[in-house]
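The structure under discussion appears below in the form of structure tokens.
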Amino acid sequence: MTQNHLLEVKGLKKAFDVSEGFFKRKKQFLYAVDGLDFFVDKGETLGIVGESGCGKSTTGNLIGQLLEPTEGEIIFQGEDLTKLKGETLRKKRAEIQMVFQDPFSSLNPRMRVFDLIAEPLRTHQSLSKQELNDRVHELMDLVGLNRSYTNRFPHEFSGGQRQRIGIARAISLNPKLIICDEPVSALDVSIQSQILNLLAKLQKELNLTFIFIGHGLPAVKHISNRIAVMYLGKIVELTTKEKLFQNPKHPYTEGLLSAVPIPDPMQRNVEDRKLLEGDIPSPANPPSGCNFHTRCPYAQDICSKVEPAFEEKEPGQYAACHFPLNDGKGIISPKKEMLIGNGIFH
Amino acid sequence: MSEELLNIKNLKTYFHTENGIVPSVDDVSITINKGETLAIVGESGSGKSVTSLSIMRLIDSPGKIEEGEILFNGKDIVPVPMKEMRALRGNDIAMIFQEPLTSLNPVFTIGNQMSESIKLHQKKNKKEAKKLSIEMLQKVGIPRADKVFDSFPHSLSGGMRQRVMIAMALSCNPQLLIADEPTTALDVTIQAQILKLMKNLVTELNTSILLITHDLGVVAEMADRVVVMYAGQVVEETDVFTLFQDPKHPYTKGLMDSTPKIHELKDELSSIPGAVPSPLDYPKGCRFIDRCPFAMKKCAEEHPNLEEILPKHSVRCWLHEEKVVDLHDTKSFA
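For the record, the sequence lines run as chains L and X. When the letters of the first sequence are read in order and numbered with UniProt numbering, they come out as residues 1 to 346. When the letters of the second sequence are read in order and numbered with UniProt numbering, they come out as residues 1 to 334.
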């Protein structure tokens, strides 16, 4: 039921015009996002992972209303955002906020911290000077910024601090949904964990829902409840974090998981890993049939001809594959998880 | 004991900026043996890249190697004139960088750029150079190597470009390969391919690697020995297995605890509070003091030295002064 989900995306597509030639006579379209169906429930975190060019950021921008979809519906709290216009859209938009990757280019260098955080409040709410002051200070406390920093400029801060400013801006209007587009990719390891922990804390305290986009699997795994794996504009697998890491159904997920270097030298065993061969094809000219068949170690005849449907292969585990894996090699063994579940590993 | 290839002794590389002197590399000593892979781990500003550029003597004004020796095969290369250094670069010591697009010249073909160094260093003619280039391209797993030889950098993907860089770096059979964040700009599936390729080539050609990275996963996969740098100094050095099992410096421990564990379902993430201090204003005592949960009175007063507290395990920390402490037992990071 639509009503139960905070956000539901149906058949979402976005095409970019990449026509060439004199007066663009050679018409060509690049489908950055090519038919997505998923939902996000209140209070959960949906992770979206994939390699460059898979359309994960475009997906975030479409939901955040920064891009207009070519086709499809984005149903947020029961209303289709693609049909809204003007003032109603502007109001709705306040409830969906974004946190961007690069904290250096996403903050206006000429604005002070106070004004940066106050900007969305001034635009959307009419607060008295005192109320605005209190709210900004409250937000700064929430994200762990020292109140004495209000008059500083962004360049005086480190990457982690800037990301905190970006997060304060995003939560200032009490949004329901926050789209985090690679929020920790540009940060150092020790700072990454600070920001990830901050996001988790805010989610709990403010009852937020996150869409967390990232190419770094470890960070996405850490914060997400469910994870969608994208490849060339399509979701190839969508399931809970546990199922994805223990028993992936799609060969691409399997390859993606085994490519992640494990921070434990005892486990270096590149030899029995299932490394993917070749490069990601150009999204302007995707392969026929299943678009992963050019790199898939299990590909058969049908794969290059018929596009597989994105369907539930096991309860709660969706994949788009003609031959879903039964013994997909995850990087967490299910046995160990049982022990954790029984409390032995605590 | 294996033979020493590179021995850096008390290297100091300082940058003289308008705001004061920045000690980017401050008294760093590192050795690399033949056939060994040494990883330098650290965050931005730790001095890991400047260390590698110092080895190549690629430090430009306002930077300067102030003190120290860099012994390559026993010979100090710090005072060597630039002409001699050029013969060494590319031939004996090769380097690959993080961003392969900016390190390849966009207006020359791949083949042109590859043969240039081969012709220069190996005294080969054009035909031989072309043959060797294509051989190297095949070796790094580039399909249609003869076609790629004639193409321009922009027509290749990031992974392919990095393969070209590796082929170029290894074409003169260097004894030392410096890889500065070689896979940071690449996607994970491509990263895995490149790491595997580097590993295989090193075993085949017996090249030593100095791997510079911030990714503990890459370190765990590739390195024999690890040097952890913080604020321009080495804070811990040991073999890769010991480092991951039993880190002795609070910073190393904090770094590991703040890395999400991809291979475990339950992963609790602790983080190191605060940020790296400004290089213009390092504290008098230990440079990690503001972020350290174990900080004592002595840490603020005296700067710790890098001491070998266990066989082949050096740490720069007062905590182990009297007896070696197990960091797993003591209170952890908040």
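For each residue, glycine too, the CB sits at the ideal point set by N, CA and C.
The three-state reading of DSSP puts CYS180 of chain L in strand, counting E and B together.
The same chain holds no residue with a CB closer than 8 Å to that of SER105 of chain L once the five nearest residues on each side in sequence are set aside. Counted as a single uninterrupted DSSP element, the beta strand (DSSP E) harbouring ARG225 of chain X occupies residues 225-230. Boundaries of the beta strand (DSSP E) around ALA39 of chain X: 37-41. Membership of LYS13 of chain L in the beta strand (DSSP E) is indicated by the continuous run 7-17. Distances from the CA of ASN225 of chain L to each of X:LEU58, X:ASP290, X:LEU265 and X:PHE152 were compared; the closest alpha carbon is that of X:LEU265. Look at GLY47 of chain X: its C-beta is not under 8 Å from any C-beta on chain L.
Contacts with chain X at 8 Å (Cβ-Cβ) include GLY160 of chain L. In the displayed model, GLN125 of chain L falls within coil according to three-state DSSP, outside both helix and strand.
Around the beta carbon of ALA192 of chain X, 16 or more other beta carbons sit within 10 angstroms, so the residue counts as buried. Residues of the stretch 34-63 of chain X with a Cβ closer than 8 Å to any Cβ of chain L, in chain order: GLU43 and SER44. Contact between HIS5 of chain L and ASP37 of chain L is ruled out by a C-beta separation of about 12 Å, above the 8 Å threshold.
Shown here, TYR318 of chain L sits in a strand according to DSSP, grouped into three states.
Ranked by Cα distance from MET168 of chain X, the options X:ALA295, X:MET198 and X:ASN33 are led by X:MET198. Beyond the five residues adjoining it in sequence on each side, LEU101 of chain X comes within less than 7 Å, by CB distance, of PRO153 and ARG161 in the same chain, given in chain order. Only PRO261, ILE262, PRO263, ASP264, PRO265, MET266, GLN267, ARG268, VAL270, ARG273, LEU275, LEU276, GLU277, ASP279 and ILE280 from the stretch 261-283 of chain L bring a Cβ to less than 8 Å from some Cβ of chain X.
Taking 8 Å as the upper bound for CB-CB distance, ILE96 of chain L and PHE76 of chain L are in contact here, some 7 Å apart.
With the criterion set as a beta carbon lying under 8 Å from some beta carbon of chain L, the members of the stretch 177-198 of chain X are ASP187, VAL188, THR189, ILE190, GLN191, ALA192, GLN193, LEU195 and LYS196, in sequence order. Annotation note: the stretch 205-266 of chain L contains the following uninterrupted beta strand (DSSP E) runs of length 3 or greater, listed N- to C-terminal: 209-214, 226-231 and 234-240. By the Cβ neighbour-count rule, MET95 of chain X is buried, with 16 or more other Cβ atoms within 10 Å of its own.
Taking a Cβ-Cβ threshold of 7 Å, none of the residues of chain L is close to VAL325 of chain X; the smallest such distance is about 21 Å. Of the candidates L:ARG90, L:ASP80 and L:LYS14, L:LYS14 places its Cα closest to the Cα of GLY60 of chain L. Rounded to the nearest whole angstrom, the CA to CA distance from ILE209 of chain X to ALA179 of chain X is 7 Å. Ranking L:VAL143, L:LYS56 and L:LYS10 by CA distance to the CA of ILE211 of chain L puts L:LYS56 first. Taking C-beta separations shorter than 7 Å and ignoring five residues to either side along the sequence, the partners of VAL22 of chain X in its chain run TYR14, PHE15, PRO279 and LEU280, following chain order. Residue contact check for SER157 of chain X against chain L: a CB pair falls below 8 Å. For ASN197 of chain L, the C-beta contacts it makes with chain X under 7 Å involve LEU269 and SER271, in order along the chain. Interface criterion met: the Cβ of VAL218 of chain X is under 8 Å from a Cβ in chain L. If you look at GLU69 of chain X, you'll find it in the beta strand (DSSP E) that goes 63-72. Membership of HIS313 of chain X in the beta strand (DSSP E) is indicated by the continuous run 313-315. Bridge partners of ASN7 of chain X according to DSSP: X:THR31 and X:LEU71. Under DSSP, the beta-bridge partners assigned to ILE48 of chain L are L:ILE213 and L:ALA228. Spanning the alpha carbons of TYR230 of chain X and PHE29 of chain L requires a straight line of approximately 48 Å. The beta carbons of PHE153 of chain L and PRO109 of chain L sit closer together than 8 Å.
Residues of the stretch 177-201 of chain L whose Cβ lies closer than 8 Å to any Cβ of chain X, in chain order: ASP188, VAL189, SER190, ILE191, GLN192, SER193, GLN194, LEU196 and ASN197. Per DSSP, LEU176 of chain X lies in no alpha helix (DSSP H) segment; the continuous beta strand (DSSP E) that holds it begins and ends at 176-180.
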